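Under this note's numbering, the first residue of the sequence shown is numbered 3, with each subsequent residue one higher.
Note that the Cβ used here is the ideal one computed from N, Cα and C, for glycine as well.
These numbers come from a predicted model, not from an experiment.
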Amino acid sequence: MNYIRSDSVADSMLKVPRELFMDPKYEKYAYNDQPYPIPGNGMQTISAPYMYPIVYEAIKLKKGDKFLEIG
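Below, the structure written as structure tokens:
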């Protein structure tokens, strides 16, 4: 299933290195389509990559828009 429907969302996602947000022991799995624990208490995860375009396209971001994703 293709969750990315627009070139702009795909381009944006390719610009951000996902491994920078992961526990170093999971970096080699950064682009697998599943969640992984983030550093800390082990109770939180970085979402699976497919989750992001669902949200980004739903809120209809446009070039120049800024947003902060929390949790």
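Could you tell me if residue i is buried or exposed, where buried requires 16 or more neighbouring beta carbons within 10 angstroms of its beta carbon?
| i | result |
| --- | --- |
| methionine 53 | exposed |
Can residue i and residue j be called in contact, C-beta distance under 9 Å?
| i | j | result |
| --- | --- | --- |
| methionine 24 | alanine 32 | yes |
| tyrosine 28 | proline 19 | no |
| phenylalanine 69 | isoleucine 61 | yes |
Shortest alpha-carbon distance to residue i belongs to which of the options?
| i | options | result |
| --- | --- | --- |
| lysine 65 | Ser49, Asp9, Pro26 | Asp9 |
| alanine 50 | Arg20, Tyr58, Asp35 | Asp35 |
Just checking my contact of residue i with residue j at CB under 8 Å: how many whole Å lie between their CB atoms?
| i | j | result |
| --- | --- | --- |
| arginine 7 | glutamate 71 | Contact doesn't hold; Cβ gap of about 19 Å is too wide. |
| isoleucine 48 | proline 41 | Actually they are not in contact, since the Cβ atoms of isoleucine 48 and proline 41 sit about 10 Å apart, beyond 8 Å. |
Quick check for students: name the residue ranges of the alpha helix (DSSP H) that lie wholly in the stretch 3-46, counting only runs of 4 or more.
9-17
Give the list of continuous alpha helix (DSSP H) stretches no shorter than 4 residues that lie fully inside the stretch 48-72.
53-60
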